[in-house]
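In this note's numbering, the protein residues as written are 107 to 268. Here's the structure we're looking at; comments come further down.
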Amino acid sequence: MILTSYRCHSDVMQLDGHIQALRDDLARLAALGDEATARAAELLAVALEPALTRRVQEVLAEAALELTSQLGRSRVEVRLTGGEPELVVVPEEADEPAPAAEAFSARITLRLPESLKARIEAAAAREGVSVNTWLVQALQRAVEPRRPSAGSRSRLSGYGRS
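Written as structure tokens, this is what we have:
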């Protein structure tokens, strides 16, 4: 199933409309009962709003992780802008080229399962580089310490409430 419709303003998702739609759905279902049921559903919808917002943000964070795992040299972040989530693709900083003296002076033999080899070839093709170049870049990323992003020395992930 492919879902492409969401409320968006200035590239920021508007969760309020989705939360209101859930409240309306609950009200329609509660209307099948008596007046006390409808009132209880209304109170429940208001009480659930913060939890629903948090759960939607968690789903977006999981989606961002899944998308990041499928991207070559970028990551997807969920940022809150005015209390509303925004999915942002952040390109990874380019690796500094290896010194010319090290330029492919060493050899290694690597035996891979055929299925892994096929996935590596597909990943290299997606990035438009040779398998050798893709492997060298992947190994460089794996062994080099992570550099902090520009302007920040630490990274904080999670949810906060004020």
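C-beta atoms are modelled at their ideal positions from N, C-alpha and C, and glycine is treated no differently. Just so it is clear, the structure is predicted and the values come from calculations on it, not from any experiment.
query	result
At 4 residues or longer, and completely inside the region 133 to 206: list those alpha helix (DSSP H) runs for me, N to C.	141 to 176
Rounding to the nearest angstrom, what Cα-Cα distance links Ile-226 and Ala-157 in this structure?	41 Å
Under 8 Å between the Cβ atoms of Ala-229 and Gly-188?	no
Assuming Met-119 and Glu-190 make a contact with CB atoms under 8 Å, what is their CB distance in whole Å?	6 Å
Under 7 Å Cβ to Cβ from Gly-257, same chain only, skipping five residues before and after it: list those, please.	Low per-residue confidence applies at Gly-257: pLDDT is 46, beneath 50, and the placement is therefore not dependable, though the value from the model is reported in the following sentence. Correct list: empty, nothing qualifies.
Could you give the distance in angstroms between the alpha-carbon of Glu-192 and the alpha-carbon of Leu-121?	10 Å
Do you know how far the Cα of Ser-180 is from the Cα of Arg-217?	28 Å
Give me the residue from Glu-148, Leu-166, Leu-138 with the minimum Cα distance to Ala-127.	Glu-148
Can you tell me whether Thr-239 is buried or exposed? The criterion is at least 16 other CB atoms within 10 Å of its CB, across all chains shown.	exposed
With the cut-off set at 8 Å, would you say Arg-129 and Ala-144 are in Cβ contact?	no
Report yes if the C-beta distance between Leu-166 and Val-184 is below 8 Å; otherwise report no.	yes
To the nearest angstrom, report how far apart Glu-250 and Val-196 are at their CA atoms.	19 Å
Nearest to Leu-186 by CA position, among Glu-198, Val-235, Arg-160, is which residue?	Arg-160
Using a 10 Å radius around the Cβ and a threshold of 16 neighbouring Cβ atoms, would you call Gly-123 buried or exposed?	exposed
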